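Going by this note's numbering, the sequence shown opens with residue 4, and the numbers climb by one from there. Quick reminder that beta carbons are idealized off the backbone N, C-alpha and C, glycines included. Computed from a predicted model, the values in this text were never measured in an experiment.
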Amino acid sequence: MKCIKCGAELEDVDNFCPECGELTAKGHRFFHDPSNLDILNNGKAVKLKKKFNAIISIFSLSVIIFALLMIFTGQNLMTPFGVIQKKINYYRYGYNTSLIKTNNKYNFKVNNYDEAIEFIKKDFSNQLYTCNQNKELTMLEYELESDYEIPSVVFCDMSLEEAHKIKDVIVRMYALFPNIKGNLTNITITNSKTGSDYVAYFQPAYQFVNVNKDIKENNKVNKTQILLNSYYFLNDNILSQDINEVLNNYYVEDATFESTIAHELGHYISFVAFLREKGVSNITLVTKDNEEEIKSLINEFENGEYLKNILEQALNNYNLKYNENLNLQSFAETISKYAGVKDKNGNLLYSETIAEAIHDYYLHNENAKKSSYEIVMVLKSKLKEVF
Numbered sequence: 004m005k006c007i008k009c010g011a012e013l014e015d016v017d018n019f020c021p022e023c024g025e026l027t028a029k030g031h032r033f034f035h036d037p038s039n040l041d042i043l044n045n046g047k048a049v050k051l052k053k054k055f056n057a058i059i060s061i062f063s064l065s066v067i068i069f070a071l072l073m074i075f076t077g078q079n080l081m082t083p084f085g086v087i088q089k090k091i092n093y094y095r096y097g098y099n100t101s102l103i104k105t106n107n108k109y110n111f112k113v114n115n116y117d118e119a120i121e122f123i124k125k126d127f128s129n130q131l132y133t134c135n136q137n138k139e140l141t142m143l144e145y146e147l148e149s150d151y152e153i154p155s156v157v158f159c160d161m162s163l164e165e166a167h168k169i170k171d172v173i174v175r176m177y178a179l180f181p182n183i184k185g186n187l188t189n190i191t192i193t194n195s196k197t198g199s200d201y202v203a204y205f206q207p208a209y210q211f212v213n214v215n216k217d218i219k220e221n222n223k224v225n226k227t228q229i230l231l232n233s234y235y236f237l238n239d240n241i242l243s244q245d246i247n248e249v250l251n252n253y254y255v256e257d258a259t260f261e262s263t264i265a266h267e268l269g270h271y272i273s274f275v276a277f278l279r280e281k282g283v284s285n286i287t288l289v290t291k292d293n294e295e296e297i298k299s300l301i302n303e304f305e306n307g308e309y310l311k312n313i314l315e316q317a318l319n320n321y322n323l324k325y326n327e328n329l330n331l332q333s334f335a336e337t338i339s340k341y342a343g344v345k346d347k348n349g350n351l352l353y354s355e356t357i358a359e360a361i362h363d364y365y366l367h368n369e370n371a372k373k374s375s376y377e378i379v380m381v382l383k384s385k386l387k388e389v390f
């Protein structure tokens with residue numbers, strides 16, 4: 004007996020052709036025999052299919068309900084996955100970390116400064132699904148962005164109490180140095196490579212758009228950012244400790260974890276004064292016309308000569324005023340351990356001396372160390388000159 008459709012040989016027991024699946028004469032009789040209806044409708048395969056269909060329906064309905072709940076509560080559908088990942092990271096490292104990435108790199112067409120700023124905002128706003136949803140915290144971030152012309156402020160999973168403490172530092176620093184708006188692109192929570200290697204960190208230029216592209220065809224974008232280490236700022240058990248005990252009295256007297264942000268803003272203030280003295284408004288958008296200039300400026304700032312000049316002016320004023328004969332190293336060491344830190348070649352790190360002087364001034368104002376006060380006065384005079 005052969006299949007009427009494909010001609011394949013059939014066995015007498017075949018209900019379907021084994022080659023093409025065509026119903027055989029025997030199969031036709033079997034499926035139309037009323038006595039077989041009970042087998043057809045209640046067989047194991049049919050029951051299994053019904054159960055599977057029911058499970059799929061329940062799962063689909065659950066997904067729809069979950070999605071609607073997330074939408075109506077204003078949350079991103081990916082938020083639960085962020086929560087799970089943070090829990091995994093906590094068990095892995097033993098402390099809370101952030102899922103915000105501050106080292107992303109993109110290839111993207113950027114035509115002008117405004118587009119560069121928008122892309123910096125987008126880089127972080129696209130990651131906010133990883134953060135706890137706190138409207139008060141979001142409003143606090145927005146106020147800092149708006150009031151101080153900082154395109155992006157992301158505290159993410161930080162407690163509201165801690166965020167307010169950091170806000171207070173930023174507000175006071177901009178009051179002490181009112182001419183520094185417009186160059187800082189973001190203040191962002193991040194993870195350091197080794198957990199506790201810094202509390203906060205100033206980065207004058209992080210190029211993150213079109214890094215490997217030809218500048219003749221593609222503009223590039225820099226961030227000028229302050230990064231807050233999640234090891235400290237997302238873990239209340241660490242923040243509750245005395246910073247001087249944790250870091251062995253490294254910073255100026257009365258320092259706190261939050262006040263170290265004044266130190267980082269001190270780096271930023273020095274950078275702003277340097278740029279203004281050079282007649283440069285910002286280094287955010289890098290084009291074929293300004294690329295070499297920006298590279299040169301960053302190298303010049305980082306080699307420290309400009310900062311050394313500030314310190315030498317302050318030292319001269321100090322020695323004359325107080326009839327002293329200090330050198331730069333001993334002058335710096337009157338401020339704090341950190342102010343007198345040296346590089347691997349044994350040279351004073353001028354940037355840290357100035358940042359610590361500003362940190363001291365933030366904490367004590369006119370009661371700061373005399374050396375700190377002289378440094379701040381020189382820096383303020385430069386800011387007045389160039390703005």
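Is the Cβ-Cβ distance between residue i and residue j less than 9 Å?
| i | j | result |
| --- | --- | --- |
| Ser199 | Tyr235 | yes |
| His167 | Ser262 | no |
| Asp171 | Asn135 | no |
| Leu366 | Ile272 | no |
| Leu318 | Leu329 | yes |
| Leu231 | Ile173 | no |
| Thr141 | Ser101 | no |
| Ile338 | Val275 | no |
| Phe205 | Ile229 | yes |
| Val381 | Gln316 | yes |
| Asn186 | Leu300 | no |
| Asn99 | Leu250 | no |
| Ile233 | Asn194 | One detail in the question is off: residue 233 reads as Ser in this sequence, not Ile. Cβ atoms of Ser233 and Asn194: closer than 9 Å. |
Please report the distance separating the alpha-carbon of residue i from that of residue j.
| i | j | result |
| --- | --- | --- |
| Ile61 | Glu121 | 42 Å |
| Lys216 | Asn107 | 15 Å |
| Cys20 | Ile59 | 32 Å |
| Thr148 | Asn293 | Checking the displayed sequence, the identity of residue 148 turns out to be Glu instead of Thr. Straight-line Cα distance between these residues: approximately 27 Å. |
| Tyr253 | Gly343 | 10 Å |
| Gly282 | Tyr177 | 21 Å |
| Asn110 | Leu131 | 21 Å |
| Cys9 | Thr27 | 12 Å |
| Asn125 | Val212 | According to the sequence displayed, residue 125 carries Lys and not Asn. Between Lys125 and Val212, the C-alpha separation is close to 12 Å. |
| Asn182 | Glu152 | 12 Å |
| Lys340 | Val379 | 18 Å |
| Glu280 | Val86 | 46 Å |
| Glu12 | Phe84 | 56 Å |
| Pro154 | Lys138 | 18 Å |
| Ile169 | Ile264 | 8 Å |
| Gln210 | Thr105 | 11 Å |
| Glu118 | Asn129 | 16 Å |
| Tyr116 | Glu303 | 23 Å |
| Tyr353 | Val202 | 19 Å |
If I'm right that residue i touches residue j with Cβ under 8 Å, what's the distance once you round it to whole angstroms?
| i | j | result |
| --- | --- | --- |
| Val156 | Ile103 | That pair is no contact at about 12 Å. |
| Thr287 | Asn222 | No, Thr287 and Asn222 are not in contact; Cβ-Cβ is about 10 Å, not under 8 Å. |
| Glu359 | His266 | 6 Å |
| Glu377 | Tyr321 | 5 Å |
| Pro207 | Thr227 | 6 Å |
| Leu357 | Leu314 | The question names Leu, but residue 357 in the sequence shown is Ile. Between Leu314 and Ile357 the Cβ distance is about 7 Å, and since that is below 8 Å, they are a contact. |
Per DSSP, residue i is paired with what?
| i | result |
| --- | --- |
| Lys216 | DSSP lists no partner for Lys216. |
| Val289 | Lys223 |
| Ile190 | Val156, Ile229 |
| Gln210 | Asn225 |
| Glu12 | Lys5 |
| Tyr204 | Leu230 |
| Leu351 | Lys345 |
The ligand ADP and residue i: does any heavy atom of the ligand fall closer than 8 Å to the residue's C-beta?
| i | result |
| --- | --- |
| Gly10 | Among the ligands in the structure shown, none appear at all, so the ligand ADP cannot be discussed. |
With a cut-off of 9 Å, does the C-beta of residue i fall near any C-beta of chain C?
| i | result |
| --- | --- |
| Val275 | The chain labelled as chain C is not found in the depicted structure, where only one protein chain is given. |
| Fully enclosed by the region 89-129, which alpha helix (DSSP H) runs are 4 residues long or longer? | Annotation note: the region 89-129 contains the following uninterrupted alpha helix (DSSP H) runs of length 4 or greater, listed N- to C-terminal: 116-128.
| message | Give the list of continuous beta strand (DSSP E) stretches no shorter than 3 residues that lie fully inside the region 217-244. | response | Every unbroken stretch of the beta strand (DSSP E) spanning 3 or more residues and falling wholly within the region 217-244 is given here in chain order: 223-232.
| said: Report the start-end ranges of each alpha helix (DSSP H) in the region 304-349 that is 4 residues or longer and not cut off at the edges. | reply: For the region 304-349, whole alpha helix (DSSP H) runs of length 4 or above, ordered along the chain, are 308-325, 331-336.
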